[in-house]
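Only one structure is covered here, and it is reproduced in the block below.
Number of protein chains: 2
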Amino acid sequence: MTSNNAFYAQSGGVTAVINASACGVIETCRKHSDRIGTLYAGHNGIIGALTEELIDTSLESDEAIAALRHTPGGAFGSCRYKLKDIETHRSQYERLIEVFKAHDIRYFFYNGGGDSADTCLKISRLSEHMGYPLQAIHVAKTVDNDLPITDNSPGFGSVAKYIATSTREAALDIASMCSTSTKVFILEAMGRHAGWIAAAGALASDTNDGPPHMILLPEVPFDRQRVMAHIDAAVKKHGYCVVVVSEGARYEDGTFLADAGNTDAFGHRQLGGVAPTLAGMVKQDLGYKYHWAVADYLQRAARHLASAVDVEQAYAVGQRAVECALEGKNAVMPAIQRDSEEPYSWSIVDAPLERVANQEKFMPAEYIREDGFGINDAGRRYLSPLIQGEDFPPFENGLPKVASLRLEQIAKKLPEYHL
Amino acid sequence: MTSNNAFYAQSGGVTAVINASACGVIETCRKHSDRIGTLYAGHNGIIGALTEELIDTSLESDEAIAALRHTPGGAFGSCRYKLKDIETHRSQYERLIEVFKAHDIRYFFYNGGGDSADTCLKISRLSEHMGYPLQAIHVAKTVDNDLPITDNSPGFGSVAKYIATSTREAALDIASMCSTSTKVFILEAMGRHAGWIAAAGALASDTNDGPPHMILLPEVPFDRQRVMAHIDAAVKKHGYCVVVVSEGARYEDGTFLADAGNTDAFGHRQLGGVAPTLAGMVKQDLGYKYHWAVADYLQRAARHLASAVDVEQAYAVGQRAVECALEGKNAVMPAIQRDSEEPYSWSIVDAPLERVANQEKFMPAEYIREDGFGINDAGRRYLSPLIQGEDFPPFENGLPKVASLRLEQIAKKLPEYHL
Numbered sequence: 001m002t003s004n005n006a007f008y009a010q011s012g013g014v015t016a017v018i019n020a021s022a023c024g025v026i027e028t029c030r031k032h033s034d035r036i037g038t039l040y041a042g043h044n045g046i047i048g049a050l051t052e053e054l055i056d057t058s059l060e061s062d063e064a065i066a067a068l069r070h071t072p073g074g075a076f077g078s079c080r081y082k083l084k085d086i087e088t089h090r091s092q093y094e095r096l097i098e099v100f101k102a103h104d105i106r107y108f109f110y111n112g113g114g115d116s117a118d119t120c121l122k123i124s125r126l127s128e129h130m131g132y133p134l135q136a137i138h139v140a141k142t143v144d145n146d147l148p149i150t151d152n153s154p155g156f157g158s159v160a161k162y163i164a165t166s167t168r169e170a171a172l173d174i175a176s177m178c179s180t181s182t183k184v185f186i187l188e189a190m191g192r193h194a195g196w197i198a199a200a201g202a203l204a205s206d207t208n209d210g211p212p213h214m215i216l217l218p219e220v221p222f223d224r225q226r227v228m229a230h231i232d233a234a235v236k237k238h239g240y241c242v243v244v245v246s247e248g249a250r251y252e253d254g255t256f257l258a259d260a261g262n263t264d265a266f267g268h269r270q271l272g273g274v275a276p277t278l279a280g281m282v283k284q285d286l287g288y289k290y291h292w293a294v295a296d297y298l299q300r301a302a303r304h305l306a307s308a309v310d311v312e313q314a315y316a317v318g319q320r321a322v323e324c325a326l327e328g329k330n331a332v333m334p335a336i337q338r339d340s341e342e343p344y345s346w347s348i349v350d351a352p353l354e355r356v357a358n359q360e361k362f363m364p365a366e367y368i369r370e371d372g373f374g375i376n377d378a379g380r381r382y383l384s385p386l387i388q389g390e391d392f393p394p395f396e397n398g399l400p401k402v403a404s405l406r407l408e409q410i411a412k413k414l415p416e417y418h419l
Numbered sequence: 420m421t422s423n424n425a426f427y428a429q430s431g432g433v434t435a436v437i438n439a440s441a442c443g444v445i446e447t448c449r450k451h452s453d454r455i456g457t458l459y460a461g462h463n464g465i466i467g468a469l470t471e472e473l474i475d476t477s478l479e480s481d482e483a484i485a486a487l488r489h490t491p492g493g494a495f496g497s498c499r500y501k502l503k504d505i506e507t508h509r510s511q512y513e514r515l516i517e518v519f520k521a522h523d524i525r526y527f528f529y530n531g532g533g534d535s536a537d538t539c540l541k542i543s544r545l546s547e548h549m550g551y552p553l554q555a556i557h558v559a560k561t562v563d564n565d566l567p568i569t570d571n572s573p574g575f576g577s578v579a580k581y582i583a584t585s586t587r588e589a590a591l592d593i594a595s596m597c598s599t600s601t602k603v604f605i606l607e608a609m610g611r612h613a614g615w616i617a618a619a620g621a622l623a624s625d626t627n628d629g630p631p632h633m634i635l636l637p638e639v640p641f642d643r644q645r646v647m648a649h650i651d652a653a654v655k656k657h658g659y660c661v662v663v664v665s666e667g668a669r670y671e672d673g674t675f676l677a678d679a680g681n682t683d684a685f686g687h688r689q690l691g692g693v694a695p696t697l698a699g700m701v702k703q704d705l706g707y708k709y710h711w712a713v714a715d716y717l718q719r720a721a722r723h724l725a726s727a728v729d730v731e732q733a734y735a736v737g738q739r740a741v742e743c744a745l746e747g748k749n750a751v752m753p754a755i756q757r758d759s760e761e762p763y764s765w766s767i768v769d770a771p772l773e774r775v776a777n778q779e780k781f782m783p784a785e786y787i788r789e790d791g792f793g794i795n796d797a798g799r800r801y802l803s804p805l806i807q808g809e810d811f812p813p814f815e816n817g818l819p820k821v822a823s824l825r826l827e828q829i830a831k832k833l834p835e836y837h838l
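Residue numbers (the working numbering), protein chains in the order written: chain A, 1 to 419; chain B, 420 to 838.
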């Protein structure tokens with residue numbers, strides 16, 4: 001047994017499959033116990049590294065770790081905590097290296113989105129600068145699908161499948177009632193800046209004629225008159241209209257349709273409530289009976305409806321991260337590469353972190369249909385493979401079974417640290 | 420082949436399994452083609468009978484009918500249309516009998532909730548009065564679980580499973596992020612008058628300590644101060660608080676927490692938006708970061724997560740309705756009887772419609788825990804069997820497959836009728 005230990009942390013908003021990545025990291029570390037000692041997990045992400053709250057994953061049974069593959073949420077705790085900039089708050093980064101040193105941590109696996117890719121890169125550079133031998137590998141995760149380089153982000157395929165399925169199911173409900181009841185149904189999907197998740201609603205039907213009859217993307221400025229005219233036309237043509245709206249839907253000037261006015265720890269505005277806002281417009285302008293749903297966390301936690309492709313990819317990037325470490329790589333992120341579209345096949349390539357950090361990937365204009373109210377066939381060809389296959393979790397007593405972990409922390413060695 | 424035809428109609432809000440009842444009715448009719456001729460389905464429920472828009476189900480393939488078992492929504496169209504009172508609008512009822520006469524319809528299967536049970540009973544009585552030999556059988560359906568006599572209503576078990584599963588999944592999400600992000604999560608569930616659906620959220624955990632840490636039922640008057648104190652205590656104890664709130668949550672004086680001010684065709688107020696209303700109170704009174712979800716139609720359309728028990732029961736009441744007709748019964752509703760709790764077993768009994776019509780079954784006080792913020796063990800024992808078992812639909816191309824019907828209407832024989 002070596003004393004070269006490893007550290008794994010989950011960062012930012014969790015997904016239905018981030019624990020599948022954790023499973024990939026942990027199981028692969030266990031396979032290489034000759035070269036990787038103990039894998040510690042940060043309690044509540046990077047905060048656990050700063051405060052030296054390190055969970056000893058070696059105390060978890062193989063069975064518990066395997067169950068992570070079908071458990072939503074972040075099993076070790078995640079956080080919305082952005083490290084301050086390295087120039088003025090260097091001590092925070094130095095503290096991390098100190099903790100790593102104190103526990104012989106040579107491998108740092110950071111499971112997150114764009115912000116954490118940036119943190120991962122900074123830590124890698126600082127350790128080099130400080131002469132501490134650390135390999136920092138980023139494990140891609142985000143429901144928003146906005147990471148660059150990688151063809152798609154683990155976590156997205158499952159939320160896409162959830163939104164497409166929910167749209168199909170709800171549309172059948174509305175279709176059967178519309179003669180005397182609800183004419184307009186609005187489903188609000190996540191996606192602050194990029195419309196990927198809302199766009200996936202299009203997969204509910206095989207044609208662009210819907211349902212959904214309209215998708216409102218952040219990429220296309222909201223024009224109330226045009227939107228209402230389109231809804232009205234759909235009701236007149238089909239008897240009802242199903243709309244999927246992105247929480248990031250905004251006006252030409254960038255103002256969000258519904259802006260709660262709050263900001264989260266990363267300085268992003270806290271959104272929510274676009275669906276009722278839009279419903280209010282429908283009522284005012286068209287007078288149709290409406291219903292609306294806001295899926296919120298349900299969509300990104302819905303492991304019961306995960307995409308099998310997504311689960312496999314989430315596991316694979318975790319596994320590959322450990323292999324990268326063993327191959328001596330540093331400051332890389334295993335990325336998914338689309339090798340073929342029909343039939344869909346993919347492989348993993350190692351992307352240098354400086355090409356990933358702090359970049360957002362938006363929906364390309366080529367995927368958006370001409371009227372702006374949905375996606376075209378190119379968009380469908382991109383999205384469809386990502387929702388393929390089911391990977392139902394085991395059920396017990398009528399409910400999905402989830403991993404039960406001990407989450408025991410090791411003794412601290414360093415003085416207390418205040419965030 | 421006999422010329423004694425049958426008529427089937429779906430009524431009111433649809434469910435994930437109302438088509439499973441349709442499947443039970445149609446398949447059982449087909450088995451008895453010596454005694455039951457053609458089964459017609461009303462296009463958009465009872466409206467189809469009034470307007471003589473009769474779908475010829477004999478044109479559908481066995482395969483298409485079998486697929487109804489896993490298709491949400493109302494395949495033949497449903498409606499929110501309450502027949503006016505028989506004293507002053509007798510002509511409407513007489514029209515129904517005329518249509519039935521014109522098409523040799525001797526069996527009337529009406530698939531709905533309490534309001535349609537009442538309609539079914541009235542039609543049965545009027546036909547008797549008019550000397551037309553009609554057997555009217557009610558097929559129970561409602562997500563609200565508020566039908567009397569029957570132990571539970573087909574449609575409820577699946578929405579209960581959806582709410583319990585979604586609560587469990589979302590709670591894992593919040594638990595993993597609460598140290599730096601959302602502290603209070605609110606899920607709004609359906610249930611205008613009875614708290615059954617919200618109560619099912621309790622099944623997300625095996626204990627009454629949650630999550631969910633609080634369920635707000637219409638049966639328990641809303642007291643803002645007590646509710647906020649409970650949320651605050653949960654956040655302080657667990658780090659976060661998950662609340663499931665019924666859309667019917669109301670103040671002592673009966674005012675709904677969020678009242679959109681609209682009424683539907685039955686004169687019920689159109690609700691929605693309790694979750695954001697409650698979230699606003701959390702923000703104002705406690706200042707915690709919150710998120711909220713409104714599942715709306717998603718919950719009652721979620722056939723992908725149906726309870727196997729519910730699907731079986733929905734099919735069984737449809738099947739039994741036809742058997743009742745063949746046994747010469749009239750004005751009855753096949754009801755589910757709980758024969759044993761552990762292990763759960765059930766059977767079907769035929770309940771006279773006069774005992775069913777226009778009665779609502781509320782959550783009994785014995786199921787509500789002492790503080791009013793959830794259910795107790797007796798409530799769990801009642802609810803748990805209803806969400807047991809999975810009955811995943813077939814998936815194709817990443818999405819649940821649904822029935823594809825021809826829905827061809829037969830030629831009209833009578834003068835046009837205006838609603």
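Positions of the beta carbon are idealized from the N, C-alpha and C atoms, including for glycine.
Handout entry: Beta carbon proximity, Lys183/A to chain B, threshold 7 angstroms
Key = Lys183/A has a beta carbon lying at 7 angstroms or more from every beta carbon in chain B.
Exercise for the section: Would you please state the rounded distance, in angstroms, between the beta carbons of Val578/B and Gln718/B? I believe it to be under 8 angstroms. Expected result: Gln718/B and Val578/B do touch by the CB rule: their CB atoms are close to 5 angstroms apart, below 8 angstroms.
Handout entry: For Leu458/B, the first and last residue of its enclosing alpha helix (DSSP H)
Key = In this chain, Leu458/B is not harboured by any alpha helix (DSSP H); it is covered by the beta strand (DSSP E) spanning Leu458 to Gly461.
Practice task
Give me the Cβ distance between Val518/B and Ala468/B, rounded to the nearest whole Å; I'm assuming they're in contact under 8 angstroms.
Solution key: Between Val518/B and Ala468/B, the beta carbon gap of about 5 angstroms places them in contact (Cβ cut-off 8 angstroms).
Practice task
Report yes if the CB atom of Gly576/B is closer than 7 angstroms to the CB atom of Ser726/B, and no otherwise.
Solution key: Yes. Within cutoff.
Practice task
Quick one: grab the DSSP three-state call for Val663/B.
Solution key: It is a strand residue.
Problem - Interface partners of Ala276/A on chain B, CB under 9 angstroms - result: Sequence check: residue 276/A is Pro here, not Ala. Ordered by position in chain B, the residues that pass the 9 angstroms Cβ test against Pro276/A are Gly691, Gly692, Pro695 and Val713.
Problem - With 16 other Cβ atoms within 10 Å as the buried cut-off, status of Lys141/A - result: Counting Cβ neighbours within 10 Å, Lys141/A comes out buried, since at least 16 surround it.
Problem - Short-range partners of chain A found in the region 483-500 of chain B, where Cβ spacing is below 9 angstroms - result: Those residues of the region 483-500 of chain B placed with their C-beta closer than 9 angstroms to a C-beta in chain A are Thr490, Pro491, Gly492, Gly493, Ala494, Phe495, Gly496, Ser497, Cys498, Arg499 and Tyr500, ordered along the chain.
Practice task
Pull up the DSSP beta-bridge partners for Asn5/A, would you.
Solution key: Note: Asn5/A sits in a beta bridge opposite Ile105/A.
Practice task
Answer with yes or no whether the minimum CB distance from Phe426/B to chain A is below 7 angstroms.
Solution key: Among the residues facing chain A, Phe426/B is not included, as its CB has no counterpart in that chain under 7 angstroms away.
Exercise for the section: Check whether the Cβ atoms of Val349/A and Ala335/A sit closer than 7 angstroms, and answer yes or no. Expected result: The Cβ atoms of Val349/A and Ala335/A sit closer than 7 angstroms to each other.
Handout entry: Among Pro385/A, Lys31/A, Gly239/A and Lys183/A, nearest to Tyr288/A - alpha-carbon criterion
Key = Per the Cα distances, Lys183/A.
Problem - Inter-residue Cα distance where the pair is Leu134/A and Arg106/A - result: In a straight line, the C-alpha of Leu134/A is about 5 angstroms away from that of Arg106/A.
Exercise for the section: Measure the C-alpha to C-alpha separation of Thr15/A and Pro695/B and round it to an integer number of angstroms. Expected result: One alpha carbon belongs to Thr15/A, the other to Pro695/B, and they sit about 23 angstroms apart.
Problem - Met177/A burial status per 10 Å Cβ neighbour count (16 or more: buried) - result: Under this definition Met177/A is a buried residue.
Handout entry: Residue of Tyr417/A, Glu327/A and Ile375/A minimising C-alpha distance to Ile36/A
Key = Comparing Cα-Cα distances from Ile36/A to each of Tyr417/A, Glu327/A and Ile375/A, the minimum goes to Glu327/A.
Problem - chain B contact for His304/A (CB, 7 angstroms cutoff) - result: Judged by the 7 angstroms Cβ criterion, His304/A is in contact with chain B.
Handout entry: Residues bridged to Arg722/B (per DSSP)
Key = Answer is none; Arg722/B lacks a bridge partner.
Handout entry: In chain order, each alpha helix (DSSP H) run of at least 4 residues that lies wholly inside the region 464-519 of chain B
Key = Complete alpha helix (DSSP H) runs here, min 4: 465-469 and 481-486.
Practice task
Indicate the three-state DSSP secondary structure (helix, strand or coil) for Gly791/B in the structure shown.
Solution key: If DSSP states are grouped into helix, strand and coil, Gly791/B belongs with coil.
Exercise for the section: Consult DSSP for Asn145/A and reduce its assignment to one of helix, strand or coil. Expected result: In the structure shown, Asn145/A sits in coil (DSSP, three-state: anything other than H, G, I, E or B).
Handout entry: Test item: CB-CB of Ser3/A and Asp144/A under 7 angstroms
Key = The answer is no: Cβ separation not under 7 angstroms.
Practice task
Quick one: residues in its chain with C-beta nearer than 7 angstroms to the C-beta of Pro834/B, no 5 flanking neighbours on either side, listed in chain order?
Solution key: Excluding residues within five positions, none has a Cβ falling inside 7 angstroms.
Problem - Ala425/B versus Lys780/B - alpha carbon distance - result: Their Cα atoms are separated by approximately 30 angstroms.
Problem - Identity of the residue in Ser440/B, Ala589/B, Tyr670/B and Gly629/B nearest Arg414/B by Cα - result: Since the first residue shown for chain B is 420 and the last is 838, residue 414/B is missing from the structure and cannot be characterised.
Practice task
Under the assumption that Ile163/A contacts Ala189/A (Cβ atoms under 8 angstroms), give the Cβ distance between them as a whole number of angstroms.
Solution key: Yes, Ile163/A and Ala189/A are in contact; Cβ-Cβ is about 5 angstroms, under 8 angstroms.
Exercise for the section: Going by CA-CA distance only, name the one from Ala619/B, Ile593/B, Gly574/B and Phe495/B that's closest to Leu802/B. Expected result: Out of Ala619/B, Ile593/B, Gly574/B and Phe495/B, Ala619/B has the C-alpha closest to the C-alpha of Leu802/B.
Handout entry: 7 angstroms Cβ cutoff, Arg168/A in contact with chain B
Key = It does; some Cβ of chain B falls within 7 angstroms.
Handout entry: Arg69/A to Thr119/A span [Cα, whole Å]
Key = Rounded to the nearest angstrom, the two C-alpha atoms are 26 angstroms apart.
Problem - 6 angstroms Cβ shell around Ala439/B - same chain, five flanking residues per side excluded - result: Once the five neighbours on either side are set aside, the close Cβ partners of Ala439/B are Arg488, Val730, Ala733 and Tyr734.
Handout entry: For Ser181/A, the three-state DSSP class (helix, strand or coil)
Key = Looking at Ser181/A - three-state DSSP - the assignment turns out to be coil, as it is neither helix nor strand.
Problem - Sequence-distant residues of its chain with Cβ nearer than 6 angstroms to Thr57/A (five each side left out) - result: These residues qualify, in order along the chain: Ile26, Leu39 and Ala41.
Handout entry: Coarse secondary structure for His32/A, derived from DSSP in three states
Key = Three-state result, His32/A: coil.
Problem - Pick from Gln756/B, Ala613/B, Asp678/B and Val821/B that is closest to Arg168/A, judged by C-alpha positions - result: The shortest Cα separation from Arg168/A among Gln756/B, Ala613/B, Asp678/B and Val821/B belongs to Val821/B.
Problem - Residue range of the beta strand (DSSP E) that includes Val558/B - result: Gln554 to Ala559 is the span of the beta strand (DSSP E), which, as asked, contains Val558/B.
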